[in-house]
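Since the structure comes first, as structure tokens, the remarks are kept for the end.
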Amino acid sequence: MITPRFTCSQTPESLIVSVYCPSIRAVDVEINVDETLFTLHINPYFLRLDFSHPIVEDDASSARYDPSSGYLTVTLTKETTGQDFQDLDLLAKLLAPRENQMGSPLIEVVSADGSSPLPEMAAVSTPDEELVSMTRQLNLDDERQQILQAAENDWHLPQDAPEPPISLSEQKTYGFLGIHSGYFRHVSHTENEVNELGPDAETCTLSERRRRRVMHENDKWDPEYYMADFADDERIQELLHWKHPHVLDVQPFSYTESENMAMLRLPRREYLATPSHTRGLYLTLITLLFSYAYECRTTQCDPTPESSWTLGSLTPAFSALDPPTSSVRSTEKSENPFTKDELMATLVPSYRRALAFPLYRSFALAEVCQNDVACFLGKGKRLVVRCLLEMKDILDHHEVYYVYSKIWVDDFCAWAQACARWTLPVLSLSTSLELTLSPRFSDEDLISLGKRLAELRVEKESIGWGLDELEAATQGVEEREADSDDDESS
């Protein structure tokens, strides 16, 4: 089945679904409405959408097909007139499986005469027989409740994050929630300059990846390059004063047609994350947006052939498969706050890589990139998804680096729209300058995180390369040269 291109809109009374399905027979269209669930089937297209509020199919509902444009327009009535259906532009969220609503069964199974389902239990005469009968009854009750719960939840069974299996294989997993593997088996035959693990990418442990990342950053660090950019910063000053269009844009937000098509192609998975995994995703999101901010600022949103390399090299989760990790254990509650040290540990690797790899190496430039990330988060989840989609587009057009889109960005786009609101904690600002986690994913939470990042200052000594001393030495050289020029002129 093919998922067709579609858009959703609303009026105070109705919900309108516009579906592009050219060259079909309108008489074969099958439409079904079940509370919040809408399904449409017409060979070879199938569409299943889950809305935030109930809809009904009544006399005011209609379906109209325009053969000239190929669009089928379905108008459905809102169960509650005037109710606002949110997130109709987040297509991946509408396509995601229905939210679990597991509760008490609505049907109680009893015997035909209304007595206990197993009246024979009253006749049990021995303790052993009573124990066997009670165990059988518990098993039957458990099975019955699971079936009832599954039926209530549209046959989406409840799931828990599985414990990591004990594996005797040397191959390791990586990427979003560690669900990917095998993408770097033949890396020695590709020109992947981003990969810092070489042919060992499939077998390196997390600790080994981090060790190699830090070692590679130290090897690539060039103090003379940094001093030269610090002394001759005319171009860098231009980059510092440039403003990202997304930050300046005050128009009502609307995804473009190409962005909608990209969202339709996103993976449709159910992501099961422990609290520590979830916190790690938020930290990794900061590093992705940081590399995106640097790329946009240095190219002024006009990607070059080097843009995909820049994105990959500045993101630790790409280059060394080393995303930030949370300090919270999987067994702890997700309400534990993000500490300043946890956020600092996330930003420092991005700063180090921005000072060791790309064309422009400036601490001030890294600081404005951090501020850009704060602004992106402050605009809410829709802009965050747009930034990720633009990042994905750059990576997808490279014959090698598209792999990082597959193992990270695709899942991030789908997660941010469809899954974060159900099972993942979010971030909000507390009075103690720490970030706490709440059970929903909202623009307000991202705005709070953006404010926290805007207030956070990364100290130069945390980078570990003596930046203050290098800058002082550069200024001293400039002063001596200026004094020498004054003496010669006199």
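942 is the number of the first residue of the sequence shown in the working numbering; add one for each residue after it.
Ideal Cβ positions, reconstructed from N, Cα and C, are used throughout, including at glycine.
A Cβ-Cβ separation of about 6 Å places W1183 in contact with Q1241 under the 8 Å criterion.
Contact between the stretch 1157-1171 and the stretch 1287-1307 is present, with at least three C-beta pairs closer than 8 Å.
Bounds of the alpha helix (DSSP H) holding V1188 are 1186-1189. Judged by DSSP secondary structure, V960 falls within the beta strand (DSSP E) whose first and last residues are 955-961. The shortest CA-to-CA distance from C1145 to any of E1158, K1161, Y1166, Y1115 is the one to Y1115.
Excluding residues up to 5 positions away in sequence, M942 lie with their Cβ nearer than 6 Å to the Cβ of F987 in the same chain. With fewer than 16 other Cβ atoms from the protein chains shown falling within 10 Å of its own Cβ, Y961 counts as exposed. In the three-state reduction of the DSSP assignment, I1388 falls in the helix class. If you draw a straight line from the Cα of R1176 to the Cα of D1030, it is about 39 Å long. In this structure, A1295 sits away from Y1342, with a CB-CB distance that is not shorter than 8 Å. Under the DSSP assignment, I1227 falls in the alpha helix (DSSP H) whose first and last residues are 1216-1240. Ranked by Cα distance from P995, the options F1026, S1010, V1314, A967 are led by F1026. In the DSSP assignment, E971 forms a beta bridge with H982. Straight across, the Cα-Cα distance linking N1201 with C1354 is about 12 Å. Contact annotation: F979 and V958 have beta-carbon atoms nearer than 8 Å. Inclusion of V1326 and L1336 in the CB contact set at 8 Å is not warranted, their separation being larger than that value.
When P953, R1398, S1346 are compared, the shortest CA-CA separation from G1023 is found for P953. Boundaries of the alpha helix (DSSP H) harbouring D1334: 1322-1337, taken from the DSSP string. Assignment of L1252 by DSSP, reduced to helix, strand and coil, places it in the helix class. For S1003, the secondary structure class from DSSP, reduced to helix, strand or coil, is strand.
DSSP, read as helix, strand or coil, puts C1145 in coil. Linking S1217 to D1163 through their CA atoms gives a straight-line distance of about 35 Å. Nearest C-alpha to D1334 among E1402, F1279, M1204: M1204. In the three-state reduction of the DSSP assignment, H1121 falls in the strand class, which pools E and B.
When the alpha-carbon of Y1301 is set against those of D1384, L1181, I1120, the nearest one is in L1181. A distance of 8 Å or more separates the beta carbons of S1254 and S1248. Per the coordinates, the alpha-carbon of R1005 lies some 27 Å from the alpha-carbon of P1038. Excluding the 5 residues flanking it on each side, G1123 has same chain C-beta neighbours closer than 8 Å at Q1112, E1143, in chain order.
Per the coordinates, the alpha-carbon of D975 lies some 13 Å from the alpha-carbon of S993. Annotated three-state conformation of I965 is coil, per DSSP.
With distances taken between CA atoms, V1399 lies nearest to A1286 out of W1356, H1339, D1313, A1286. If you draw a straight line from the Cα of R1154 to the Cα of P1140, it is about 15 Å long.
Classified as buried, Q1358 has 16 or more neighbouring CB atoms from the shown chains inside 10 Å of its CB. Contact check for A1258 against T1225 passes: the beta carbons are separated by less than 8 Å. CA-to-CA, the gap between I965 and G1011 works out to about 8 Å.
Ranked by Cα distance from E1020, the first of T944, S1002, S1009, D1386 is S1002.
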